[in-house]
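In what follows, a single structure is set out as structure tokens and then discussed.
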Amino acid sequence: MGQLEEMQIFVRVVEAGSISRAAEQLGVAKSVVSRRLSALEQRLGSNLMQRTTRRLSLSDAGQQFYQRSLGIIDEVDQLNQDASCQEQTLTGSLHIAVPLSFGQAHLSSAFAAFMQLHPQLKLKVSLADSQHDLVAEGIDLALRIAELKDSSLKAKKITPINFALVASPDYLAKHGRPTKPEQLSQHQILHYSLRGATNWQLSDNKGRIHQVAYQPHISANNGDFLQDLAIAGHGIAHTPSFIAWQAIAKGELEIVLPEYSLPALHAWAVYPNTRYLPHRSRVMIDFLAQRFGLNPYWDQALSQHLNTKPTN
Numbered sequence: 001m002g003q004l005e006e007m008q009i010f011v012r013v014v015e016a017g018s019i020s021r022a023a024e025q026l027g028v029a030k031s032v033v034s035r036r037l038s039a040l041e042q043r044l045g046s047n048l049m050q051r052t053t054r055r056l057s058l059s060d061a062g063q064q065f066y067q068r069s070l071g072i073i074d075e076v077d078q079l080n081q082d083a084s085c086q087e088q089t090l091t092g093s094l095h096i097a098v099p100l101s102f103g104q105a106h107l108s109s110a111f112a113a114f115m116q117l118h119p120q121l122k123l124k125v126s127l128a129d130s131q132h133d134l135v136a137e138g139i140d141l142a143l144r145i146a147e148l149k150d151s152s153l154k155a156k157k158i159t160p161i162n163f164a165l166v167a168s169p170d171y172l173a174k175h176g177r178p179t180k181p182e183q184l185s186q187h188q189i190l191h192y193s194l195r196g197a198t199n200w201q202l203s204d205n206k207g208r209i210h211q212v213a214y215q216p217h218i219s220a221n222n223g224d225f226l227q228d229l230a231i232a233g234h235g236i237a238h239t240p241s242f243i244a245w246q247a248i249a250k251g252e253l254e255i256v257l258p259e260y261s262l263p264a265l266h267a268w269a270v271y272p273n274t275r276y277l278p279h280r281s282r283v284m285i286d287f288l289a290q291r292f293g294l295n296p297y298w299d300q301a302l303s304q305h306l307n308t309k310p311t312n
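Going by UniProt numbering, the first residue of the sequence shown is number 1, and it counts up by one from there.
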């Protein structure tokens with residue numbers, strides 16, 4: 001094994017926080033990683049890190065070696081990517097983390113199309129609604145639907161994410177249709193628990209803001225699960241249009257208070273701030289931004305449905 005590979009293993013151990021986690025990310029045995037680290041330290045004649053059963057900590061020499069290794073690895077990656085760019089071929093591996101509902105509904109087909117264009121690339125996808133530690137988990141790129149507050153990450157907008165309040169026709173027939181935001185607190189509310197706050201902010205057509213606090217009737221950490229409950233008549237859900245668009249078109253759900261709007265978010269592509277962004281990551285980001293755009297196909301379909309008057 002050459003020096004560059006030793007550097008890559010050392011960097012992965014530092015960023016993963018443990019030898020065992022680094023070995024898992026690299027797809028090798030823990031003993032292999034441990035031996036390579038020992039060989040590296042022996043060759044350098046310096047102790048790079050302190051190992052305990054609980055944690056790893058870098059020595060001063062280890063911290064300097066880590067920072068210099070990052071620059072060398074990134075420079076080599078840049079050289080390799082520049083060469084492969086000339087051939088328009090993406091190689092290597094790309095580990096991307098995506099939200100569960102958005103990934104299942106819209107990214108499987110997107111990634112399939114991407115891999116047809118770049119068949120030599122190896123793609124690993126992790127689906128979860130909880131946020132990942134990109135560096136510690138060895139993730140190259142993540143899609144997040146949120147207001148970004150993490151300054152340790154760089155980000156690029158992929159597509160807007162709009163929301164609506166929805167309920168089934170049966171629920172509205174049984175419990176009444178709200179005509180004012182203030183009436184929402186009297187209804188059964190299906191709450192997305194990862195959102196945290198139990199209140200909604202609605203804007204009317206004059207720009208006035210209406211704050212509505214509520215007590216959740218049912219809470220869950222998955223949007224598809226909450227939509228199923230809404231379709232079954234269990235309450236009103238605050239849901240993204242990328243989940244609800246088809247159920248609305250089928251008449252399984254109706255928009256509640258359609259004359260009011262809810263704050264929108266964006267789907268962001270995020271990546272570590274401290275590392276060079278490989279060309280394959282940049283290509284993926286550009287591909288997704290172009291595929292979904294400023295007016296994604298689910299919003300186009302939903303708008304067309306809502307603007308189509310029924311014929312007698």
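Glycine is no exception: its CB is placed at the ideal position from the N, C-alpha and C atoms.
Determine the burial state of proline 263: buried for a count of at least 16 other Cβ atoms within 10 Å of its Cβ, exposed for fewer.
-> By the neighbour-count rule (16 or more Cβ atoms within 10 Å), proline 263 is not buried but exposed.
Within this structure, are the beta carbons of serine 185 and alanine 213 separated by less than 8 Å?
-> With a cutoff of 8 Å on beta-carbon distance, serine 185 and alanine 213 are scored as near each other.
In the structure shown, what three-state DSSP assignment does lysine 30 receive?
-> Lysine 30 falls in the helix class under three-state DSSP.
Looking only at its own chain, which residues have a Cβ that is under 8 Å from the Cβ of leucine 229, when we skip the five neighbours before and after it?
-> Apart from the 5 residues on each side of it in sequence, leucine 229 sits with its Cβ closer than 8 Å to the Cβ of Leu190, Ile218, Ala220, Gly235, Ala237 in its chain, given in chain order.
If we ignore side chains and look at the alpha-carbon of each, how far apart do histidine 187 and arginine 177 end up?
-> Separation of histidine 187 and arginine 177 (C-alpha to C-alpha, rounded to the nearest whole angstrom) is 10 Å.
Three-state secondary structure (DSSP) at isoleucine 236?
-> DSSP places isoleucine 236 in strand when its eight states are reduced to three.
Backbone CA spacing between alanine 29 and glutamine 50 [nearest angstrom] | If you take the alpha carbons of alanine 29 and glutamine 50, they lie about 20 Å apart.
Decide yes or no for the touch test of the region 301 to 309 against the region 239 to 253: beta carbon pairs closer than 8 Å, at least 3 of them.
-> At 8 Å Cβ cutoff, the stretches touch.
Give a yes or no on contact between the region 193 to 206 and the region 276 to 287, applying the rule of three or more CB pairs nearer than 8 Å.
-> No: the two stretches stay apart, fewer than three of their Cβ pairs being nearer than 8 Å.
Is it the case that the Cβ atoms of leucine 121 and glycine 103 are separated by a distance below 8 Å?
-> No Cβ-Cβ contact shorter than 8 Å links leucine 121 with glycine 103.
Spell out the partners DSSP gives threonine 159 in its beta bridges.
-> BP columns for threonine 159 point to Ala267.
CB valine 11 to CB valine 33, shorter than 8 Å?
-> No; because the gap between Cβ atoms is not below 8 Å, this pair is not in contact.
Hey, how far is the Cα of lysine 149 from the Cα of isoleucine 161?
-> Cα to Cα, lysine 149 sits roughly 17 Å from isoleucine 161.
Just the Cα atoms here: how many angstroms apart are isoleucine 231 and threonine 179?
-> In a straight line, the C-alpha of isoleucine 231 is about 20 Å away from that of threonine 179.
For aspartate 133, which of Leu294, Asn295, Pro272, Phe292 has the nearest alpha-carbon?
-> Residue Pro272 is the option with its Cα nearest to aspartate 133.
To the nearest angstrom, report how far apart glutamine 227 and leucine 253 are at their CA atoms.
-> So the two alpha carbons sit approximately 9 Å from each other.
For leucine 44, count neighbouring Cβ atoms within 10 angstroms of its own Cβ and tell me buried if that reaches 16, exposed if not.
-> Exposed, because fewer than 16 other Cβ atoms sit within 10 Å of the Cβ of leucine 44.
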